[in-house]
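J.:
Residue numbers (our numbering): 169 to 668.
The structure is reproduced here in structure tokens:
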């Protein structure tokens, strides 16, 4: 086996899905300034396009349990890293109102916090009161209780006891003079009369948790990710769930020692806020993940340098390359050809890759690039296994393999992501198969067999989801398809002409 073939045999750029590379992610994760802010606790809400790395942060932060514990932070995961999301069960029997959903979020977080205080061996009068109330209401979860089971328990409770007048309550006093609550929870502020009956509000329980953590000089972070998967079957349920989540976040923000951390796709946030959302003004501790050419090149180089055979083949040391951006760029172009398409006016390889793995919103993300480069490895390996010539010089890749890998990236992005997430738009996209890559309102109206007003509505939806880039003036609109979608659909470069 040739040396290049030996290197390529063991070369992988990782899994494009962060949850699937939990054990190796920390080896080549790019610790950006955004990551450092999150780790310092300065950020609560992390936005980003699909594939931008939100889940990578969610996965990686849970490898910092000991580090954060030393900083007096307790981590609580409110969602599974892999498998079915805990909140998926709510799609079968959804809450009847946004208010009910808000109560579910709050009580769910509270039960997880109480369990975490137990797990970490925290003690104190406030903790005991919190445990007593949850226990007597059947809401104290054990270590073995799954997140899905806790959520179902919480939903049943909220639905049954959302009206405080529907239950009886009582309060006793212990030998030490401390109150022993035995009443039901209420999700509103308690009146003096209801307090005498032993009712306890959800806010009082959060206050108990906050007091417990304050006394122990700790904070708890409740982490929540995969919201796009949890509610993907109903856009209305998704909107209700996430608007309720941010209302719960707003209410919980007043407790200094209880912090909810939300990882959310940018386009989903835009959907829930599109008709106005007052709670948006309360979200100031947020950040949007962005990737530019330099940061993406750094990501690729880090993943290359995590492979011992690559280090040996190029006789380089990981630390020396990573501490100097120019060294990273030089190393990148030792591994890859300078250009994929030759010519003075043609772009360099990094620009070419970004342009062909980005949709019309022009937010490049690691997910597609990782998938694309792994396919390039497969094609290069197949060439060498057939006995074809090795790439020139020290390069591991011939420029031709990138063009060979494009149709697979295009199919993956179109079918596994675009069609899977927006099935209602599939029929309109498919009708463009084999057509020109730029269309006018008139030509689209003819293709789709709908009037021009309906054509504009559909085309705008395709702009919103990243399939079309809108060009031209209001009077002379055109819609251009990015390179990423063209191979799978067999689109031809150029502008469609109107039949005269």
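No residue lacks a Cβ here, since even glycine has one placed at the ideal position from N, Cα and C.
Considering only residues of the same chain and omitting the five flanking positions on each side of residue 171, which have a CB-CB separation below 7 Å?
T.: For the purposes of this step, residue 171 is taken as residue 3 along the chain shown, with counting starting at 1. The answer, listed in chain order, is 481.
J.: Closest to residue 571 by CA distance: which of 654, 182 and 231 is it?
T.: Here residue 571 corresponds to residue number 403 of the chain shown, with the count starting at 1. For the residues 654, 182 and 231, the minimum Cα distance to residue 571 belongs to 654.
J.: Hey, quick one: how far does the alpha helix (DSSP H) through residue 203 stretch, first residue to last?
T.: For the purposes of this step, residue 203 is taken as residue 35 along the chain shown, with counting starting at 1. Residues 201 to 207.
J.: I believe residue 461 touches residue 519 by the beta-carbon criterion, under 8 Å. Please report the beta-carbon distance rounded to the nearest angstrom.
T.: In the chain shown, the residue the question calls residue 461 occupies position 293. In the chain shown, the residue the question calls residue 519 occupies position 351. That pair is a contact at about 7 Å.
J.: When we look at the beta-carbon of residue 407 and count the other beta-carbons within 10 Å, is it buried (16 or more) or exposed?
T.: Taking the chain shown and counting its residues from 1, one reaches residue 407 at position 239. The residue in question, residue 407, is buried, as its Cβ has 16 or more Cβ neighbours within 10 Å.
J.: Could you tell me the alpha carbon to alpha carbon distance between residue 341 and residue 382, rounded to whole angstroms?
T.: One-based indexing of the chain shown puts residue 341 at position 173. One-based indexing of the chain shown puts residue 382 at position 214. Unreliable placement is indicated for residue 341, whose pLDDT of 42 sits below 50; the coordinate value is still reported in the next sentence. Cα to Cα, the separation comes out at about 25 Å.
J.: If you draw a straight line from the C-alpha of residue 238 to the C-alpha of residue 208, how long is it?
T.: Residue mapping note: residue 238 aligns to position 70 of the chain shown, counting from 1. Residue mapping note: residue 208 aligns to position 40 of the chain shown, counting from 1. For residue 238 and residue 208, the distance between alpha carbons rounds to 12 Å.
J.: Would you tell me roughly how many angstroms separate the C-alpha atoms of residue 327 and residue 264, rounded to the nearest one?
T.: For the purposes of this step, residue 327 is identified with residue 159 of the chain shown, where counting begins at 1. For the purposes of this step, residue 264 is identified with residue 96 of the chain shown, where counting begins at 1. Going from the Cα of residue 327 to the Cα of residue 264 covers about 9 Å.
J.: Return the residue from the list 366, 658, 464 and 524 that minimises the CA-CA distance to residue 679.
T.: Within the shown structure, residues of the chain are numbered from 169 to 668, placing residue 679 beyond reach of any answer.
J.: Quick one, are the C-beta atoms of residue 429 and residue 206 less than 9 Å apart?
T.: Mapped onto the chain shown, residue 429 falls at position 261. Mapped onto the chain shown, residue 206 falls at position 38. Cβ distance < 9 Å, so residue 429 and residue 206 count as in contact.
J.: From the DSSP secondary-structure annotation, give me the bridge partner or partners of residue 637.
T.: Stepping through the chain shown from its first residue, residue 637 is reached at position 469. In DSSP, residue 637 forms a bridge with 648.
J.: Going by DSSP, what residue range makes up the alpha helix (DSSP H) through residue 269?
T.: Working through the chain shown from its first residue, we reach residue 269 at position 101. Counting along the chain, the alpha helix (DSSP H) containing residue 269 begins and ends at 266 to 287.
J.: May I ask which residues mark the beginning and end of the alpha helix (DSSP H) holding residue 374?
T.: Locating residue 374 in the chain shown gives position 206, counting from the first residue. 370 to 383 is the span of the alpha helix (DSSP H), which, as asked, contains residue 374.
J.: Could you tell me whether the Cβ atoms of residue 308 and residue 282 are closer together than 9 Å?
T.: Taking the chain shown and counting its residues from 1, the one referred to as residue 308 is at position 140. Taking the chain shown and counting its residues from 1, the one referred to as residue 282 is at position 114. Yes, these two residues count as a Cβ contact at 9 Å.
J.: Our contact map puts residue 213 next to residue 454 with C-beta atoms below 8 Å; I'd like the distance itself, whole angstroms only.
T.: Position 45 of the chain shown holds residue 213. Position 286 of the chain shown holds residue 454. Yes, they are in contact, since the Cβ atoms of residue 213 and residue 454 sit about 4 Å apart, within 8 Å.
J.: Can you tell me the Cα-Cα spacing of residue 177 and residue 219, whole angstroms?
T.: The residue you call residue 177 lines up with position 9 of the chain shown. The residue you call residue 219 lines up with position 51 of the chain shown. Approximately 26 Å between the Cα atoms of the pair.
J.: Could you check which residue in 409, 512, 562 and 489 has the C-alpha nearest to that of residue 504?
T.: Stepping through the chain shown from its first residue, residue 504 is reached at position 336. With distances taken between Cα atoms, residue 504 lies closest to 562.
J.: For residue 451, which residues in the same chain have their Cβ closer than 6 Å to its Cβ, ignoring the five residues on either side in sequence?
T.: Your numbering for residue 451 matches position 283 in the chain shown. The answer, listed in chain order, is 213.
J.: Would a C-beta distance cut-off of 9 Å place residue 391 and residue 431 closer than the cut-off?
T.: Here residue 391 corresponds to residue number 223 of the chain shown, with the count starting at 1. Here residue 431 corresponds to residue number 263 of the chain shown, with the count starting at 1. In contact: residue 391 and residue 431 (Cβ atoms closer than 9 Å).
J.: State the DSSP-derived secondary structure class of residue 603, mapped to helix, strand or coil.
T.: As a position in the chain shown, residue 603 is number 435, starting the count at 1. In this structure, residue 603 counts as coil in the three-state DSSP scheme.
J.: If you draw a straight line from the alpha carbon of residue 349 to that of residue 246, how long is it in whole angstroms?
T.: Along the chain shown, one-based indexing puts residue 349 at 181. Along the chain shown, one-based indexing puts residue 246 at 78. Unreliable placement is indicated for residue 349, whose pLDDT of 44 sits below 50; no coordinate value is reported for it.
J.: What is the rounded straight-line gap between the Cα of residue 343 and the Cα of residue 322?
T.: Taking the chain shown and counting its residues from 1, one reaches residue 343 at position 175. Taking the chain shown and counting its residues from 1, one reaches residue 322 at position 154. The pLDDT assigned to residue 343 is 46, lower than 50, so where the model puts this residue is not dependable; a value taken from the coordinates is nonetheless given after this. Taking the straight line joining both Cα atoms gives about 32 Å.
J.: Where does residue 118 sit, in a helix, a strand or coil, going by DSSP?
T.: Outside the shown range of the chain, which is 169 to 668, sits residue 118, and nothing can be said about it.
J.: Where does residue 242 sit, in a helix, a strand or coil, going by DSSP?
T.: Position 74 of the chain shown holds residue 242. Looking at residue 242 - three-state DSSP - the assignment turns out to be strand.
J.: Would residue 510 be called buried (16 or more neighbouring beta carbons within 10 Å of its own) or exposed?
T.: Within the chain shown, numbered from 1, the residue matching residue 510 stands at position 342. Classification of residue 510: exposed, given that the 10 Å Cβ count is below 16.
J.: Given a cut-off of 9 Å, decide if residue 353 and residue 374 are closer than it, judged by their beta-carbon atoms.
T.: Reading the chain shown from its first residue, position 206 is the one you call residue 374. Reading the chain shown from its first residue, position 185 is the one you call residue 353. Cβ distance not < 9 Å, so residue 374 and residue 353 don't count as in contact.
J.: Please name the residue, chosen from 380, 402 and 507, that lies closest to residue 299 on a Cα-to-Cα basis.
T.: Start at 1 with the first residue of the chain shown, and residue 299 comes out as number 131. Closest by alpha carbon: 380.
J.: Taking the runs of the alpha helix (DSSP H) that are 4 residues or longer, which of them lie wholly in the segment 483 to 559?
T.: 486 to 490, 493 to 503, 517 to 524 and 534 to 553
J.: Going by CA-CA distance only, name the one from 456, 550, 659 and 276 that's closest to residue 173.
T.: As a working note, residue 173 is residue 5 in the chain shown. It is 550.
J.: Do residue 663 and residue 645 have their beta-carbon atoms positioned less than 9 Å apart in this structure?
T.: Reading the chain shown from its first residue, position 477 is the one you call residue 645. Reading the chain shown from its first residue, position 495 is the one you call residue 663. Cβ distance not < 9 Å, so residue 645 and residue 663 don't count as in contact.
J.: I'd like to confirm the pairing. Which residues does DSSP put opposite residue 218 in its beta bridges?
T.: Position 50 of the chain shown holds residue 218. Bridge partners of residue 218: none, in fact.
J.: What residue range is occupied by the uninterrupted alpha helix (DSSP H) comprising residue 432?
T.: Counting from 1 along the chain shown, the entry for residue 432 is found at position 264. Segment 426 to 433 is the beta strand (DSSP E) holding residue 432; no alpha helix (DSSP H) there.
J.: Which partner residues does residue 459 have in the DSSP bridge list?
T.: Residue 459 sits at position 291 when you count from the first residue of the chain shown. Paired residues: none, contrary to the question.
J.: Quick check: the Cα distance between residue 573 and residue 544, rounded to an integer number of angstroms?
T.: As a first step, residue 573 must be located in the chain shown, where it is residue number 405. As a first step, residue 544 must be located in the chain shown, where it is residue number 376. Their backbone Cα atoms lie some 6 Å apart in a straight line.
J.: Look at the alpha carbon of residue 458 and the alpha carbon of residue 394, and state the distance between them as a whole number of angstroms.
T.: Here residue 458 refers to the residue found at position 290 when the chain shown is read from its first residue. Here residue 394 refers to the residue found at position 226 when the chain shown is read from its first residue. In a straight line, the C-alpha of residue 458 is about 19 Å away from that of residue 394.
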